[in-house]
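Shown next, in structure tokens, is the structure this report addresses.
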Amino acid sequence: MNQVNFIGRIVREIQCKTINENHQVVNNSLAVPRKQRDKNGELAADFIPFVAWDQHASVLEKYCQKGQRIAIQGRMQSRSYTNSDNQPRQILECVVQEITLLDRVNQSHQQTPPQFSETPSDSDSLPFDTLVD
């Protein structure tokens with residue numbers, strides 16, 4: 003079984019790219035803290051590269067930013083590519099299958115997810131909340 007879970011902070015600003023005119027992709031890394039401290043007393047971290055496609059890329063672009071704490075669930079994938087210096091490279095990365103936002107970010111350029119709240123009603127027979135924009 004190839005399934006991983008990471009909780010950490012987004013390392014770089016989110017840059018969503020469009021590929022083949024119909025697929026969105028985000029490549030970034032997650033700083034995942036270790037339990038032990040380094041020689042300076044700081045918590046050490048592992049930097050886990052990840053790739054998010056389409057809907058997951060869109061969520062990252064709309065609701066996330068550098069430094070924000072998120073949880074990702076996915077699978078590890080290895081792939082080869084040629085870098086800008088025409089050198090072959092290999093990478094091991096997490097392909098995102100699920101994202102959980104752990105920090106709220108309030109920025110004017112970002113949309114916020116819809117909020118739910120109870121709405122007073124003349125009838126007590128409505129057992130659900132109403133979406134509030």
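Residues in the sequence shown are numbered from 3 upward in steps of one, following the numbering used here.
For each residue, glycine too, the CB sits at the ideal point set by N, CA and C.
Whole-angstrom distance between residue j and residue i, CA atom to CA atom
i: L103; j: R71; result: 7 Å
i: K68; j: M3; result: 31 Å
i: K64; j: R77; result: 23 Å
i: V27; j: A54; result: 6 Å
i: L32; j: I12; result: 5 Å
i: Q38; j: I93; result: 26 Å
i: D56; j: N24; result: 9 Å
i: E15; j: K41; result: 28 Å
i: D48; j: A73; result: 14 Å
i: R106; j: C66; result: 9 Å
i: Q17; j: N85; result: 18 Å
i: K19; j: R36; result: 31 Å
Pair within 8 Å by beta-carbon distance, residue i and residue j
i: N7; j: Q99; result: no
i: C96; j: I21; result: no
i: R91; j: S80; result: no
i: F52; j: N30; result: yes
Three-state class that DSSP yields for residue i in the structure shown
i: K64; result: helix
i: D48; result: strand
i: Q92; result: strand
i: Q70; result: coil
Exposure of residue i, with buried meaning 16 or more beta-carbon neighbours within 10 Å
i: H58; result: buried
i: G10; result: buried
i: L45; result: exposed
i: L62; result: buried
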